[in-house]
Each structure stands twice: as structure tokens, then as C-alpha cells.
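Q:
Protein chains: 2
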Amino acid sequence: MNALGTHVVLELKECSPQLLDDLPFIQKTLLDAAEATGAHVVGQTFHKFNPYGVTGVVAIAESHLCIHTWPEYAYAAVDIFTCGDGFDPHKAANIVIEKLQSREPSVIELKRGLLAQVQRVGAR
Amino acid sequence: MNALGTHVVLELKECSPQLLDDLPFIQKTLLDAAEATGAHVVGQTFHKFNPYGVTGVVAIAESHLCIHTWPEYAYAAVDIFTCGDGFDPHKAANIVIEKLQSREPSVIELKRGLLAQVQRVGAR
Chain W
1271 MNALGTHVVL ELKECSPQLL DDLPFIQKTL LDAAEATGAH VVGQTFHKFN
1321 PYGVTGVVAI AESHLCIHTW PEYAYAAVDI FTCGDGFDPH KAANIVIEKL
1371 QSREPSVIEL KRGLLAQVQR VGAR
Chain D
1271 MNALGTHVVL ELKECSPQLL DDLPFIQKTL LDAAEATGAH VVGQTFHKFN
1321 PYGVTGVVAI AESHLCIHTW PEYAYAAVDI FTCGDGFDPH KAANIVIEKL
1371 QSREPSVIEL KRGLLAQVQR VGAR
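Heads up: the sequence lines are chains W and D, in that order. Counting along the first sequence from 1, when you hit position 49 you're at 1319 in my numbering, and nothing is skipped either side. Counting along the second sequence from 1, when you hit position 39 you're at 1309 in my numbering, and nothing is skipped either side.
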């Protein structure tokens, strides 16, 4: 491990517009992705916007998953952030891609808190 | 506007370790940053981890702010995601940087949902 966190940035294009506007479905998708990959959910908040779109965030002990959907563009922005090795963010990403039926997903991985750049501070 | 969302990625190094481990302070910082920039908070979840660290997410009508702190590395990963023009994510970012006393902040802006890549789907 060369970083404190791994952040997977998903640009999900050509999703199902109907699914992107379905709050219970979006919520279940994120929770399923978290749980299927062994993450431990510690909090969540989901909202439906008028006229379109859902925002959702799931806080997990291993960090977070969040989603913002634009059904009118068949697009969702998803971020999956994890620390440690207990949770595979790419496995969670694949679940979300499949559930939202994205025909054109892009996946970028960002390393957060590079250990070459941060130093452990004195004993606390 | 050439994208649906603007995502500001903050790597906050050399922060105050004490502040990074202080859940009420972290919570107030994110809420202050959201409110000072005119965002509308619609949900939030914050957690203190053992032995160190805080995770927090604030869902706003304009998208979200989230933070994960590693006090033992004096480091925080912060993401500020917004859509529309009603909320300036860089102004919020500057508030967080100042409050956490980061002496080495990095700021990267990602455009999410590039309008050159997504298309409005038929009337719904």
C-alpha cells in the first residue's frame, strides 16, 4: 500500500434513465455494492430532486460511496473511496455499473494521501 | 458551463492533528463551509473512528462535501462536488483549508459529466 486511500471515480454514461430517477433502486444499489464487498455501513443519506435526479451517500467504516444522477442525461457520477485492504472498490464499482446498466462507463483510480507525501506524526 | 458537475479534490497535508481528530470541529467546519457558500444541507453523517480519524459527509441540494481524516498523518482527504452555479466549491475549499490549518494543501478540479460526452435524452 502506497497511499492512505484509494478513490475510484466513475463516470457512468448511457445508463437507464428510469433507474437513475428511482431513489429506492439507487439506495439499494449502493448498499448492495457496499455489503457485497464486505464494507460496513455506518450512515447514509439519500435525496430525490425535483424534477429529476437522486443524490446519495453511504458512509462506511472503510470510507464512503456516493452517487449523483442526471436521468435526463442518462448519466451518473459515482465515487467510491476506501482505506485499507478490507474492501475492494473496483468490485463495488462493477456492481454499480452493472445495476445501472451503463453502456459507457469510465473508471479512474486516484490515490489519496500518498505515503511518499505524508508522514506519521509523533506518538499521540 | 461545459459539465454537469464540478468536483474539487483536496489533499490537505500538514493539518493540525488535534483538529483532525475532533468530530464536532470537523462537522462544524464542513457545515460552515457549505452554509457560507450558500449551499443547502439536506443530510449529514459523521463518525469518529478508533483510535484516530473522522469521516463525515454532508449532502447538499447542490451535491456533497465529504472528509476523511488521518490525524496520525496530519492529513485529510476532502471532496467537494457541486452542480450548477449557485455554490462555489473553491470558496468552500478555502474555508476548509483555513479551518484545518493545512500548511500544504493541494487542490485539483475535475469536471464530471462533460457535456461533450453526455446527451440529453428524449422528453420524459
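All residues carry an ideal CB built from backbone N, CA and C; glycine is no exception.
Count Cβ pairs between the stretch 1273-1285 of chain D and the stretch 1376-1391 of chain D that sit closer than 8 Å; are there 3 or more?
A: Because the criterion of three Cβ pairs below 8 Å is met, the stretch 1273-1285 of chain D and the stretch 1376-1391 of chain D touch.
Q: Looking at the strands, I want to know which residues DSSP matches up with S1286/W.
A: Partner(s): none; S1286/W has no beta bridge.
Q: Find the nearest neighbour of C1336/W within the set P1341/D, A1273/D and I1330/D, judged by alpha-carbon distance.
A: Comparing Cα-Cα distances from C1336/W to each of P1341/D, A1273/D and I1330/D, the minimum goes to I1330/D.
Q: Under DSSP, the beta strand (DSSP E) around T1325/D begins and ends at which residues?
A: Element bounds for T1325/D: V1324 to I1330.
Q: Starting from the Cα of T1325/W, find the closest Cα among P1294/W, A1273/W, A1306/W and R1373/W and give me that residue.
A: With distances taken between Cα atoms, T1325/W lies closest to P1294/W.
Q: With 8 Å as the C-beta to C-beta threshold (strictly closer), list the residues of the stretch 1333-1358 of chain W near chain D in chain order.
A: Hits within the stretch, in order: S1333, H1334, C1336, H1338, W1340, P1341, E1342, Y1343, A1344, Y1345, A1347, D1349, F1351 and C1353.
Q: Do the stretch 1341-1360 of chain W and the stretch 1311-1321 of chain D meet, that is, are 3 or more Cβ pairs less than 8 Å apart?
A: Counting Cβ pairs under 8 Å, fewer than three are found: no touch.
Q: Which residues of chain D have a Cβ atom closer than 7 Å to the Cβ of K1283/W, listed in chain order?
A: Those are Q1387 and V1388, listed as they occur along chain D.
Q: Using a C-beta to C-beta distance shorter than 9 Å, which residues of chain C count as neighbours of L1301/D?
A: Looking at the structure shown, chain C is missing, and the protein chains on hand are W and D.
Q: For chain D, find out if any of its Cβ atoms is closer than 8 Å to the Cβ of R1394/W; answer yes or no.
A: Bear in mind that a pLDDT of 49 at R1394/W, under 50, signals an unreliable position, so the model cannot answer this.
Q: Return no unless some Cβ of chain D is closer than 8 Å to the Cβ of P1294/W.
A: No, no contact with chain D.
Q: Are the Cβ atoms of Y1343/D and G1383/W separated by less than 8 Å?
A: Yes, the Cβ-Cβ distance between Y1343/D and G1383/W is below 8 Å.
Q: Express the C-alpha separation of K1381/D and L1290/W in angstroms, rounding to a whole number.
A: Their Cα atoms are separated by approximately 20 Å.
Q: Alpha carbon to alpha carbon, how far is A1304/W from H1338/D? Give it in angstroms, no decimals.
A: Rounded to the nearest angstrom, the two C-alpha atoms are 17 Å apart.
Q: Output, in sequence order along the chain, the residues in the stretch 1306-1317 of chain D whose CB is closer than 9 Å to any CB in chain W.
A: Against chain W - using a Cβ distance shorter than 9 Å - the residues of the stretch 1306-1317 of chain D are V1312, G1313, Q1314, T1315, F1316 and H1317.
Q: In its own chain, which residues sit with a C-beta less than 6 Å from the C-beta of A1347/W, not counting the 5 before and 5 after it?
A: Answer for A1347/W: H1338, listed in chain order.
Q: Please confirm whether A1375/D has its beta-carbon closer than 8 Å to some beta-carbon of chain W.
A: Rather than Ala, the amino acid found at residue 1375/D in this sequence is Pro. Not an interface residue.
Q: Quick one: what's got a C-beta closer than 7 Å to A1393/D's C-beta in the same chain, skipping five residues either side?
A: Because A1393/D sits at a pLDDT of 44, beneath the cut-off of 50, its placement in the model cannot be relied upon, and the following sentence gives the value as read from the coordinates. Closer than 7 Å at the Cβ level, and outside the excluded window around A1393/D, lies no residue.
Q: Just the C-alpha distance for G1308/W and N1272/W, rounded to the nearest angstrom, thanks.
A: Approximately 22 Å between the Cα atoms of the pair.
Q: From S1333/D, T1352/D and G1323/D, pick the residue whose C-alpha is nearest to that of I1296/D; which is it?
A: Answer by Cα proximity: G1323/D.
Q: Specify the secondary structure class of I1351/W as computed by DSSP and reduced to three states.
A: Position check: residue 1351/W holds Phe in this sequence, whereas Ile was assumed. If DSSP states are grouped into helix, strand and coil, F1351/W belongs with the strands.
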